[in-house]
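Enquirer: Each residue of the sequence shown is one higher than the one before, starting from 1 at the first, in the UniProt record's numbering.
So that we are looking at the same thing, I have put the structure below in structure tokens.
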Amino acid sequence: MKDIIQVDKISYNYPDQPLLFDQLSLDVHEGEWLAIIGQNGSGKSTLARLIDGLIVLNEGHITVDGLQVNDQNIYNVRSKIGIVFQNPEDQFVGATVEDDVAFGLENQLVDRSKMHDIVEESLKSVGMWDFRERIPANLSGGQKQRVAIAGIIALSPKIIILDEATSMLDPRGRKEILALVQRLKNENHLTVISITHDIDEAAGADRVVILNHGKIIDENTPRGIFSHSDKLRQIGLDAPYTSKLLAALSERGVSDEKSYMNDEELIAWIQQLVSTK
Numbered sequence: 001m002k003d004i005i006q007v008d009k010i011s012y013n014y015p016d017q018p019l020l021f022d023q024l025s026l027d028v029h030e031g032e033w034l035a036i037i038g039q040n041g042s043g044k045s046t047l048a049r050l051i052d053g054l055i056v057l058n059e060g061h062i063t064v065d066g067l068q069v070n071d072q073n074i075y076n077v078r079s080k081i082g083i084v085f086q087n088p089e090d091q092f093v094g095a096t097v098e099d100d101v102a103f104g105l106e107n108q109l110v111d112r113s114k115m116h117d118i119v120e121e122s123l124k125s126v127g128m129w130d131f132r133e134r135i136p137a138n139l140s141g142g143q144k145q146r147v148a149i150a151g152i153i154a155l156s157p158k159i160i161i162l163d164e165a166t167s168m169l170d171p172r173g174r175k176e177i178l179a180l181v182q183r184l185k186n187e188n189h190l191t192v193i194s195i196t197h198d199i200d201e202a203a204g205a206d207r208v209v210i211l212n213h214g215k216i217i218d219e220n221t222p223r224g225i226f227s228h229s230d231k232l233r234q235i236g237l238d239a240p241y242t243s244k245l246l247a248a249l250s251e252r253g254v255s256d257e258k259s260y261m262n263d264e265e266l267i268a269w270i271q272q273l274v275s276t277k
């Protein structure tokens, strides 16, 4: 499997602070959904900013789709990456939803004859075309994130980074945004990186990396990570809802050999239990 991002023995510290990363290495596979989880201060968002070239590492190398992240390549690197931040209002610059999505295209000098079609297609893909004349600030949290994602999709990146992008949403809004990103990932063959402390969000990824104080302490499939929820609790992270429900059922004498199931597996297992009674 091709690696679209290669982080090779990087070191970084903020001014007047001790090293956050010391010889950190990580590969991101093309087409995967990678979740990077950890407590606040673990280095998750810093790593995302280093990958996008928003801050400069001390030593080591980061390569994005064959390009080393440096001053010479920074424009081309950023054209391959779209970041959705925690607060979408930080990304809004247009007076209307339509203007905001068009802004990035204008910066890339896209021909105006093509711009309208791209904006329309992008907003329709996230279900926001009917809101094109609305003021972004007047939208709900979930709608704002949809507009932010439309602005990114319009630029045709290869990689989307969700930097705590669902943390300000209610559970329903969070689920809708993650389902939207999954659909866009499949339709556009994207690579997605979730920077999150939401364990249930990470459970939907292809692979999970745990960062703790700037170090990778574990990486595996969601099942491999969440089957050992005691390790999560040791570093202050919660277990997924399904794991906690399985533990509660086990205490009442209803158990299964699996210590972790995803939502679909858990529903099917409970339905089977009910049908056999």
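Beta carbons: idealized from backbone N, C-alpha and C, even for Gly.
Predicted, not measured: the structure shown is a model, and the values here were computed from it.
#1: Who are the Cβ neighbours of G141 in its own chain at under 7 Å, not counting the five residues just before and after it?
#2: Grouping DSSP H, G and I as helix and E and B as strand, with all else coil, what is T242?
#3: Where K175 and D198 are concerned, what is the direct C-alpha to C-alpha distance, given to the nearest angstrom?
#4: Cβ atoms of Q108 and A148: under 9 Å apart, would you say?
#5: Please say whether V64 and I4 have beta carbons closer to each other than 9 Å?
#6: Over the uninterrupted alpha helix (DSSP H) stretch that includes V147, give me the two end residues.
#7: Would you call R146 buried or exposed, if buried means 16 or more other Cβ atoms sit within 10 Å of its Cβ?
#8: State the Cα-Cα distance for the pair V192 and G127, rounded to the nearest angstrom.
#9: In its own chain, which residues sit with a C-beta less than 7 Å from the C-beta of A268, not counting the 5 before and 5 after it?
#10: Return the chain-ordered ranges of every beta strand (DSSP E) run that is complete within the segment 49-73 and spans a minimum of 3 residues.
#11: Judging by CA-CA distance, which residue of L237, S275 and D27 is the nearest neighbour of M1?
#12: Count the other CB atoms, across all protein chains shown, that sit within 10 Å of the CB of K244; report buried if there are 16 or more and exposed otherwise.
#13: In whole angstroms, give me the CA-to-CA distance for E264 and L178.
#14: For A154, which option in F131, R134 and L123 has the closest C-alpha, if you only look at C-alpha atoms?
#15: Could you have a look at E219 and say whether DSSP puts it in helix, strand or coil?
#16: Following the continuous alpha helix (DSSP H) through I118, name the residue where it begins and the one where it ends.
#17: Any idea if K144 is buried or exposed, counting beta-carbon neighbours within 10 angstroms, 16 or more meaning buried?
#18: With DSSP run on the structure shown, which of helix, strand or coil describes R132?
Expert: Taking the definition as stated:
#1: Only M168, L169 and G173 meet the Cβ criterion.
#2: When DSSP states are grouped into helix, strand and coil, T242 belongs to the helix group.
#3: For K175 and D198, the distance between alpha carbons rounds to 12 Å.
#4: Result no, Cβ atoms of A148 and Q108 do not sit closer than 9 Å.
#5: It is a contact, given that the beta carbons lie within the stated cut-off.
#6: Counting along the chain, the alpha helix (DSSP H) containing V147 begins and ends at G141 to I153.
#7: R146 counts as buried, since at least 16 other C-beta atoms from the protein chains shown sit within 10 angstroms of its C-beta.
#8: When rounded, the distance between both Cα atoms is 20 Å.
#9: Answer for A268: no residue qualifies.
#10: Listed in chain order, the complete beta strand (DSSP E) runs (minimum 3 residues) inside the segment 49-73 are 59-64.
#11: When only C-alpha atoms are compared, the closest one is D27.
#12: Answer is exposed; the Cβ neighbour count stays below 16.
#13: When rounded, the distance between both Cα atoms is 16 Å.
#14: With distances taken between Cα atoms, A154 lies closest to L123.
#15: Of the three classes helix, strand and coil, the one that applies to E219 here is strand, per DSSP.
#16: Per DSSP, I118 is one residue of the alpha helix (DSSP H) stretching across R112 to S125.
#17: Under this definition K144 is a buried residue.
#18: In the displayed model, R132 falls within coil according to three-state DSSP, outside both helix and strand.
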